[in-house]
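Peer 1: Under the UniProt record's numbering, the first residue of the sequence shown carries the number 1, and numbering increases by one thereafter.
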Amino acid sequence: MKAGVKLPQVTFHTRVRDEAVGGPNPFRWQDMTTADFFAGKRVVLFSLPGAFTPTCSTYQLPGFENGFADFAEQGIDSIYCMSVNDSFVMNKWAEAQDLKNVTVIPDGSGEFTRKMGMLVAKDNLGFGMRSWRYAAIINDGVVEAWFEEPGMSDNHPEDPYGVSSPETVLAYLVNHKADVAA
Numbered sequence: 001m002k003a004g005v006k007l008p009q010v011t012f013h014t015r016v017r018d019e020a021v022g023g024p025n026p027f028r029w030q031d032m033t034t035a036d037f038f039a040g041k042r043v044v045l046f047s048l049p050g051a052f053t054p055t056c057s058t059y060q061l062p063g064f065e066n067g068f069a070d071f072a073e074q075g076i077d078s079i080y081c082m083s084v085n086d087s088f089v090m091n092k093w094a095e096a097q098d099l100k101n102v103t104v105i106p107d108g109s110g111e112f113t114r115k116m117g118m119l120v121a122k123d124n125l126g127f128g129m130r131s132w133r134y135a136a137i138i139n140d141g142v143v144e145a146w147f148e149e150p151g152m153s154d155n156h157p158e159d160p161y162g163v164s165s166p167e168t169v170l171a172y173l174v175n176h177k178a179d180v181a182a
């Protein structure tokens, strides 16, 4: 659907660990741009409705985390998890999930998600505006392949999951390896 689309240029407000800050919460603000995350790399980006939510925490994030070596074998440099959550929430979720391979990207205001056309209302769950669940293979800031869950709509009564799963994205990479090599 979005193959060939260049990612929108936005600034993500992140918190990074910096021991020079000292104290029990040694983090500082660091703005990161779309280019900082995506330029010159082939990555998997997956976005989901919310940190700490059941499907995201039980299946999607752990699947990408645990399968990182398999993705690297297919030419993936990094795996990014994005959500319309602030950096504090995303960092705590990364800590709770003991992430070593997946990098979280906070899209706190939903600017990137809105510009990608993936921002939906989740007021039926008390979430407000959130991302529809999707995954993408991004090559140097351009969408190479797109995996969007069906039925995108505001206040969807369900949380479809499968099209954007790590297994689906990895299968695509394995089956299209010859395309990339050509």
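In this text, a Cβ means the ideal position worked out from N, Cα and C, and glycines have one as well.
Between 6, 131, 31, 53, which lies nearest to residue 46 when the distance is taken from Cα to Cα?
Peer 2: Closest option to residue 46, Cα to Cα, is 131.
Peer 1: Along the chain, where does the alpha helix (DSSP H) that runs through residue 114 open and close?
Peer 2: From DSSP, the alpha helix (DSSP H) with residue 114 extends over 111 to 115.
Peer 1: DSSP has residue 6 in a bridge; who is on the other side?
Peer 2: For residue 6, which the question treats as bridged, DSSP gives the partners 142.
Peer 1: Less than 6 Å between C-beta atoms, sequence neighbours within five positions excluded: which residues of the same chain meet that for residue 11?
Peer 2: 31, 33, listed in sequence order.
Peer 1: Measuring from the CB of residue 168, is there a heavy atom of the ligand MG at a distance below 6 Å?
Peer 2: In the structure on display, the ligand MG does not appear, and there are no ligands present to speak of.
Peer 1: Spell out the partners DSSP gives residue 129 in its beta bridges.
Peer 2: 121, per the DSSP bridge assignment.
Peer 1: What are the residues that DSSP puts in a beta bridge with residue 147?
Peer 2: Partner(s): 135.
Peer 1: Determine the closest residue to residue 51 out of 117, 6, 85, with distance taken between C-alpha atoms.
Peer 2: When only C-alpha atoms are compared, the closest one is 85.
Peer 1: Which residues in the same chain as residue 150 place their Cβ atom closer than 8 Å to its Cβ, once the five residues preceding and following it in sequence are excluded?
Peer 2: Closer than 8 Å at Cβ, skipping near neighbours: 160, 163.
Peer 1: In three-state terms, what does DSSP make of residue 174?
Peer 2: Helix, per DSSP.
Peer 1: By Cβ distance, which residues of its chain are closer than 7 Å to residue 121, with the 5 residues on each side in sequence left out?
Peer 2: Answer for residue 121: 129, 154, 155, listed in chain order.
Peer 1: Which residues in the same chain have their Cβ closer than 8 Å to the Cβ of residue 182, if we skip the five residues on either side of it in sequence?
Peer 2: Bear in mind that the predicted position of residue 182 carries a pLDDT of just 47, short of 50, making it unreliable; the figure below should be weighed with that in mind. Correct list: empty, nothing qualifies.
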